[in-house]
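Asker:
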Amino acid sequence: MTAASRARDTALINGILGIGRRWCVVAVLGAMCGCNPFQTGEPESPTGALIQYPSPSTTDNVLAILSLSVCAKDSRAFLDRLTADFRFLPDPVQIQGPDFRTFPVEWGTVQEEMALAVLFSNSDSVTVDWSSVFTQHRVEGASVGATYRVNVFSRTSLTASYTGRVEIVMTQVAGSWAVREWRDYVVSGESNTWGLLRARLLGSG
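Just so you know, the sequence shown maps onto residues 1 to 205 in our numbering.
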């Protein structure tokens, strides 16, 4: 990787993972992806193929790729950062609620791809903001904790917002990091989580 590439990736990651700049991040991601959430005209077509994603050489870069791919409605780039044996686990208390009645016993890449397809087809734009990121490297990989906010926009307004805390286990193969396990948790004062969004998407798909 050249010095210029490293500098570009660092600037990108700092912008996406910046704490306390949530709406600034939304605007920056919208401009980069061609999906401005504040635009009132016709939404532009997804530009995932045109996005220059950072290399998945660090765990922070993986979080950035997940954010950018969601904004670009680029499900392939998102799914490429999941391992073949990926699994998602909802909040252990929230999963007892009515929205999770039809939630699959195991949520893997197939379910993730289905949920993304429904999300992208039923929204004009989606953004993901990470904050309070903490990474612990281990012999077998890395554990990443972070707070997230997912904003789903209709043509002219914020349709829904989902906030929670994740614990993500990543593994590294040939220098590239990927998500193997994703645990979702409710945070105080919030009930709409990414897990709830997933449950509703699959229930409506």
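Where is the CB? At the ideal position from N, CA and C, for every residue including glycine.
Are threonine 58 and tryptophan 194 close, meaning C-beta to C-beta below 9 Å?
Answerer: no
Asker: Measuring CA to CA, which of Glu181, Glu113, Leu119, Phe153 is closest to glycine 141?
Answerer: Glu181
Asker: Can you tell me whether DSSP reads valine 292 as helix, strand or coil?
Answerer: Residue 292 is absent from the model: the chain starts at 1 and stops at 205.
Asker: To the nearest angstrom, how far is the alpha carbon of alanine 93 from that of valine 186?
Answerer: According to the sequence as given, residue 93 is valine; it is not alanine. Straight through space, the alpha carbons of valine 186 and valine 93 are spaced by roughly 9 Å.
Asker: Less than 9 Å separating the beta-carbons of asparagine 192 and threonine 159?
Answerer: no
Asker: Rounded to whole angstroms, what's the CA-CA distance from leucine 63 to tryptophan 130? Just pull it up for me.
Answerer: 8 Å
Asker: If distances are taken between C-alpha atoms only, which option among Gln136, Ser69, Phe100 comes closest to arginine 198?
Answerer: Phe100
Asker: Can you give the Cα-Cα distance for leucine 89 and alanine 115, rounded to whole angstroms?
Answerer: 14 Å
Asker: Straight-line CA distance for valine 26 to glutamate 167?
Answerer: At valine 26 the pLDDT is 44, less than 50, meaning the model places this residue with poor confidence; the figure from the coordinates comes in the next sentence. When rounded, the distance between both Cα atoms is 23 Å.
Asker: Express the C-alpha separation of valine 126 and phenylalanine 120 in angstroms, rounding to a whole number.
Answerer: Between phenylalanine 120 and valine 126, the C-alpha separation is close to 8 Å.
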